[in-house]
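K.L.:
Residue numbers (our numbering): 68 to 1106.
(1) Assuming the contact rule is C-beta atoms closer than 8 Å, residue 1087 and residue 952 should be a hit. Round their C-beta distance to whole Å, please.
(2) Below 7 Å, is the gap between the Cβ of residue 399 and the nearest heavy atom of the ligand GDP?
(3) Taking the runs of the beta strand (DSSP E) that are 3 residues or longer, which of them lie wholly in the region 662-712?
(4) Can you tell me which of the three DSSP states residue 328 falls into?
(5) For residue 888 and residue 443, what's the separation of their Cα atoms in angstroms?
(6) Hey, quick one: how far does the beta strand (DSSP E) through residue 392 stretch, first residue to last?
(7) Given this structure, state the Cα-to-Cα distance separating residue 576 from residue 582, to the nearest angstrom.
(8) If you measure between the beta carbons of residue 708 and residue 729, is that distance less than 8 Å?
(9) Between residue 335 and residue 983, is the Cβ-Cβ spacing less than 8 Å?
(10) When the Cα atoms are used, what is the spatial distance from residue 1103 to residue 906?
(11) Indicate the three-state DSSP secondary structure (helix, strand or coil) for residue 774 in the structure shown.
(12) When burial is assigned at 16 or more other CB atoms within 10 Å of the CB, is residue 592 buried or exposed?
(13) I'd like to know whether the C-beta atoms of residue 999 and residue 1057 end up nearer to each other than 8 Å.
(14) From 703, 820 and 1030, pick the residue whose C-alpha is nearest to that of residue 740; which is it?
(15) Can you tell me whether residue 408 is helix, strand or coil according to DSSP?
(16) In angstroms, rounded to a whole number, what distance separates the CA positions of residue 749 and residue 536?
(17) If we count the other Cβ atoms within 10 Å of its Cβ and call it buried at 16 or more, is residue 828 buried or exposed?
(18) Looking at residue 1013 and residue 1040, is the spacing between their C-beta atoms short of 8 Å?
(19) Is residue 917 helix, strand or coil by DSSP?
(20) For the region 867-879 against the region 923-937, are there 3 or more C-beta pairs whose distance is under 8 Å?
(21) Rounded to a whole number of angstroms, what is the C-alpha to C-alpha distance between residue 718 and residue 909?
(22) Out of 789, 883, 643 and 350, which has the shortest C-alpha to C-alpha gap to residue 703?
(23) What does the alpha-carbon distance come out to for the pair residue 735 and residue 743?
(24) With DSSP run on the structure shown, which of helix, strand or coil describes residue 725?
(25) Is residue 781 near residue 856, with beta carbons less than 8 Å apart?
(26) Report the CB separation of residue 629 from residue 657 in whole angstroms; it is logged as a contact under 8 Å.
(27) Determine the direct distance from the alpha carbon of residue 648 to that of residue 969, and round the result to whole angstroms.
(28) Starting from residue 859, trace the alpha helix (DSSP H) both ways and give me its first and last residue.
(29) Spatial neighbours of residue 561 within its chain, please: C-beta separation below 6 Å, excluding the five flanking residues on both sides.
(30) If I follow the unbroken beta strand (DSSP E) through residue 518, where does it start and stop?
(31) Taking the alpha carbon of residue 979 as the point to measure from, which residue in 957, 417 and 990 has its own alpha carbon closest?
(32) Give me the Cβ distance between residue 660 and residue 494, rounded to the nearest whole Å; I'm assuming they're in contact under 8 Å.
(33) For the alpha helix (DSSP H) containing residue 962, list its first residue and its last residue.
(34) Pairs of beta-carbons, one from the region 528-547 and one from the region 609-625, closer than 8 Å: are there three or more?
(35) Between 790, 871 and 676, which lies nearest to residue 821 when the distance is taken from Cα to Cα?
(36) Comparing alpha-carbon positions, which option in 687, 737 and 341 lies nearest residue 872?
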């Protein structure tokens, strides 16, 4: 069956000289695209012609490049090398020869051989584009020269104008270039004046590659050479590089065409829009009931509001997949390279209008499990022999039904009590675990929370210690508790520290709290057992007394050095002594430099950015920290770290403990109470109040034919199957990748069961089970039809962020681009109806995948810019590793909401617009949120009455720059905007600090880096440029 996806016409096929601003070599593909994750054995795409162009420059897997593939002739040079070092091609002035030395005798590949002025070409292509529907047959553009099916061979003398633009200083387009209309308000496409990031020697004015260019190996390929893959431009090149053959279906004729009349403006609306896709899904499936009774059905998008009714498969709130139809064979999986993965959020919040999970108690006998594979009883099990035996759906083993569990079958072969038993009729449910599932076969104690406050000079001076102590007095009343319980069973304890640790006895019988000091930080121990961990309700008076005293006790401190590892060690020891699991809340302000285990030194070296050693900036230090992580996980001790740095802190190392214990890192750089205080307190409140499970261990079982291979998240893994988490909360997600180990059958599908054993907040041991059935198909079109872009990008983000620990960032980016092109090329080749090569055809379910992928490559972790702080990059990397699908979606494509035109009478949040500078207007006010930051952007010409009603000041000029929140004013605009902000913040797991940005202010830079459809501030292509680049890669794969 041929299925047509999203069709777009030519402009995607250009070689973009100005894809610029990616670091050199972005996109140099590995010799063959990798399947799935980084470093797997490479798989060729279909049958790969010998002449497929792949640069020989960087091959991540370390394999020699294929023989005919040197993109750079024999002397492989990195971009930025001087052109003189290339041997001039023979006969460069032969008639009909493009100026880059591409032999003329290959007009065979349609529409590739013309040297057209790119600008004009692009516009005519764009104007001819009719990207209307997403699912129709390919739309042919009008028969303009752009889509001529069999274009004439090279008919042009070498166009002089092609070689000239690079000579004009970077930043100025030659007249010939100005015909190209600006796209997304950036510089004209293909005429970027920006020298690419990370290329010291791309100054303006160097000679272009011109005739000294590339010698292309003879062979069938009609692909032009690309100077430095992915936009690493040649010195000063605005148009250097092989524009000659780069554009499909060009106009015959040469330089004379370059300075034609001004062209129509490019329309960015003609490329797939994320906001449109989100709106369409909301319109189609919003507000509906989604029942999970069918195997392999694709749920609504994460951005859509819908209600789930569990009828045998887990709700998409708990499990989402990259595709809901797995390919039947490993060969098909390798061919399409779509990763097969599921993102599991085992503790996801269930909305009030949906049924909470049932708790099933099978008494002493415990849950019913398969004898062979240990899968738990679930709706997939098949009862036979009159109900006396059942066949396991995961390993096909036939098991006896225990006597007490026996029930007769009806005429359909189903148990009579099917709908009375959650484990037989629902996708998600819980079992009460027996003592066999508990440590040392005895029931666990309720967990404890220990608050550990750094009382060094910085934290006292900033007022942070006082702020924390004041907040805890009221916050401890809101510790999480079981449904229906009167008060929380969680115990609390307190530690303060700088170079030494102070423990507090807050037993309810005491009149005053007692302090005990441990100054020997090398051999950590807990100086008291009784009175350290207490029930807050019982010891309230003593605890409040202590919280009043702490800020005064250390008011005159001059101690600026701190320890860190011994603090975590103390927490673990305290939980060990109390024989319980729990959580440490550590409030820390500086790199731990005091003499003690785990002492750190400054290893921030930005000279390593864009080198082979860049990965060391993300790698944690091992030794003490590695052992500490193990101890935490073994004890069920989760660490939440709140850091308040004024300089480098080595987040890569310090944040590694929270990341492997199911905890979180919260970071407030240059903390000031009036600006950041409320933001921090909101985070702390959410963190203390959220529901979670402790001392958790998770396993993902699969039916035969495939298995879990790679697992990413805030987890610890001692072996290949057990996913250990000292704690798991409602925001943490684990991403699991699967690989085939046999053929899957279309009939039985692919089944998943995620089982999580944990201790509840009341100290009860439980098992939480989520089951999901997926389809299997031998048709790739089925796989592409049931893909989920948001889940795919979650998988790619985590696998890429995991890969940067072992591979250069540049290599990781190349693999991402390669795999994107490969997935889309496979669709084009196997599923789409035939159409002109110059058309970009995208699967309907993945039509906005490129915008997310491009956005991922512009994140601080992957962009490789020396302007970004190492700690910020490490922090971003760690925080993304445990995000769910909803969080990665909004992070990579923020919501940009026009506020000036909102309907103040309506309840709904206004529709978002595309995330590009083009959508902003000088008279407008826009709200941008990505789940981590919140910006309110004010245009220069914003109407004074709007400013008055929002901020209570007469004009923009009167607005104070460090305003961190909106004043509460009694008018419709103010009320509506505050209600929008409050609705957004309730949706997100973290609180967001609001930053008010005036147009053309310095703070606008921070805001602009979130406009992901534009060129990146620190490097990275615009969405339009990236699409063009990917299309070129696809065509290369298909020739």
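Even for Gly, the Cβ is constructed at its ideal location relative to N, Cα and C.
P.N.:
In this structure, then:
(1) No, residue 1087 and residue 952 are not in contact; Cβ-Cβ is about 23 Å, not under 8 Å.
(2) This structure lacks the ligand GDP; in fact it carries no ligand of any kind.
(3) 704-710
(4) Any reading at residue 328 is ruled out, since the residue's pLDDT is 43, under 50, leaving its predicted position unreliable.
(5) 40 Å
(6) For residue 392, the enclosing beta strand (DSSP E) stretches over residues 392-394.
(7) Taking the straight line from one Cα to the other gives about 15 Å.
(8) no
(9) Taking C-beta atoms as the reference points, residue 335 and residue 983 count as a pair closer than 8 Å.
(10) Roughly 13 Å separates the two Cα atoms.
(11) For residue 774, the secondary structure class from DSSP, reduced to helix, strand or coil, is strand.
(12) Here residue 592 is exposed: its Cβ has fewer than 16 other Cβ atoms, across all protein chains shown, within 10 Å.
(13) Yes, these two residues count as a Cβ contact at 8 Å.
(14) Of the candidates 703, 820 and 1030, the one whose C-alpha sits nearest the C-alpha of residue 740 is 1030.
(15) It is a strand residue.
(16) 15 Å
(17) Buried.
(18) yes
(19) helix
(20) yes
(21) 39 Å
(22) Considering only alpha carbons, the answer is 643.
(23) 7 Å
(24) helix
(25) no
(26) 6 Å
(27) 49 Å
(28) 856-870
(29) 518 and 571
(30) 515-521
(31) 957
(32) Not confirmed; about 51 Å, so no contact.
(33) Unbroken run through residue 962 is the beta strand (DSSP E), 962-965; no alpha helix (DSSP H).
(34) yes
(35) 790
(36) Among 687, 737 and 341, the Cα nearest to that of residue 872 belongs to 687.
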